[in-house]
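Worksheet: the structure to be examined is printed underneath.
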Amino acid sequence: KKALGGLLINIQNKIHKYLSILEENIDEIKLTEIEKFVEENLYKAIDITEKSIEERTEYLFKILNRPIRICGMVKNEGEPGGGPFFVKSDNNEISLQIVESAQIDLEDSTKREIVSKATHFNPVDLILSVKNYKGDKFDLTKFIDQDTFFISQKSKDGIDLKALELPGLWNGAMAFWNTIFVEIPISTFNPVKTINDLLRKMHQ
Numbered sequence: 024k025k026a027l028g029g030l031l032i033n034i035q036n037k038i039h040k041y042l043s044i045l046e047e048n049i050d051e052i053k054l055t056e057i058e059k060f061v062e063e064n065l066y067k068a069i070d071i072t073e074k075s076i077e078e079r080t081e082y083l084f085k086i087l088n089r090p091i092r093i094c095g096m097v098k099n100e101g102e103p104g105g106g107p108f109f110v111k112s113d114n115n116e117i118s119l120q121i122v123e124s125a126q127i128d129l130e131d132s133t134k135r136e137i138v139s140k141a142t143h144f145n146p147v148d149l150i151l152s153v154k155n156y157k158g159d160k161f162d163l164t165k166f167i168d169q170d171t172f173f174i175s176q177k178s179k180d181g182i183d184l185k186a187l188e189l190p191g192l193w194n195g196a197m198a199f200w201n202t203i204f205v206e207i208p209i210s211t212f213n214p215v216k217t218i219n220d221l222l223r224k225m226h227q
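Going letter by letter, the sequence shown gives residues 24 to 227 in our numbering.
So, in structure tokens, the structure goes:
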């Protein structure tokens, strides 16, 4: 957790520095440096080289001026739940998202194959930065994807139910955050999904 926190501070400091620079008069060389940082660290494809300096500056400022989350991911060992994926939006923008299995149409053979090859699982280990480069708190409601609701299967008193779920905390409610995935040891993840999980060695 200290390592994840250190990574967050490192990334946050760089982003805040770049946001301060983008507020000032900026040259071509600095813009290119910031675009490279966004592509290599936030995994966002940048294709704005033919835009004006003003347009590029505005775009990069919008991309960087967001809450940040470092998400620890463990290797997939068959646990039920979500995982890290590249997601393409309706406007063809690609971003890093934590996706729950209930959000995926598993009747689609292509999507089912992608899920079957997933290498990592989400243990919900998040380190967060919720203040902007001026030290003010973000309005987190502005970074929710309201279209990420889904229907899940539940049961109550032995009766099967369907539930309409609004954007979940670490998927839809954080959809427009800047996200970085980091592999962490499986030993840090000790889930209790069913009562039988309490029989596992780590819970004794």
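Beta carbons: idealized from backbone N, C-alpha and C, even for Gly.
Shortest Cα-Cα distance from Pro214 to any of Glu116, Gly101, Asp168 and Ser118 involves Gly101. The alpha-carbon of Lys85 is positioned some 16 angstroms away from that of Met197. Boundaries around Ala186 are those of the beta strand (DSSP E), Ile182 to Glu188, since no alpha helix (DSSP H) includes it. In the structure shown, Leu30 adopts helical secondary structure according to DSSP, grouped into three states. The alpha-carbon separation between Glu58 and Leu83 amounts to approximately 7 angstroms.
In chain order, Leu87 place their CB closer than 6 angstroms to the CB of Ile38, counting only its own chain and leaving out the 5 sequence neighbours on each side.
Each of Tyr156, Ile218 and Gln35 was checked against the Cα of Ser43, and the nearest Cα belongs to Tyr156. Arg79 sits in a helix when the DSSP states are folded into three classes. Between Glu62 and Ile69 the beta-carbon gap is near 5 angstroms, inside 8 angstroms, which marks them as a contact. Exclusion of the five residues before and after Phe199 leaves Arg89, Phe166 and Asp168 as the residues of its chain whose Cβ lies within less than 7 angstroms of its Cβ. Shown here, Asn219 sits in a helix according to DSSP, grouped into three states.
With at least 16 other beta carbons inside 10 angstroms of its own, Gln126 counts as buried. When only Cα atoms are considered, Phe173 and Glu123 end up about 10 angstroms apart. Note on geometry: alpha-carbon atoms of Leu54 and Val110 lie some 26 angstroms from one another. Distance from the CA of Thr164 to the CA of Asp148, rounded to the nearest whole angstrom, comes to 21 angstroms. Around the beta carbon of Ser178, fewer than 16 other beta carbons sit within 10 angstroms, so the residue counts as exposed.
Of all alpha-carbon atoms in Arg79, Ile91 and Glu78, the one lying nearest the alpha-carbon of Leu151 is that of Ile91.
Residue environment for Asn201: buried (at least 16 other C-beta atoms within 10 angstroms of its C-beta). Annotation for Leu119: Tyr66, Pro107, Phe109, Thr202 and Phe204 place their beta carbon closer than 7 angstroms to its own, counting only its chain and skipping 5 residues before and after. Annotated three-state conformation of Val153 is coil, per DSSP. Residue state for Gly101 is assigned as coil, using DSSP reduced to three classes.
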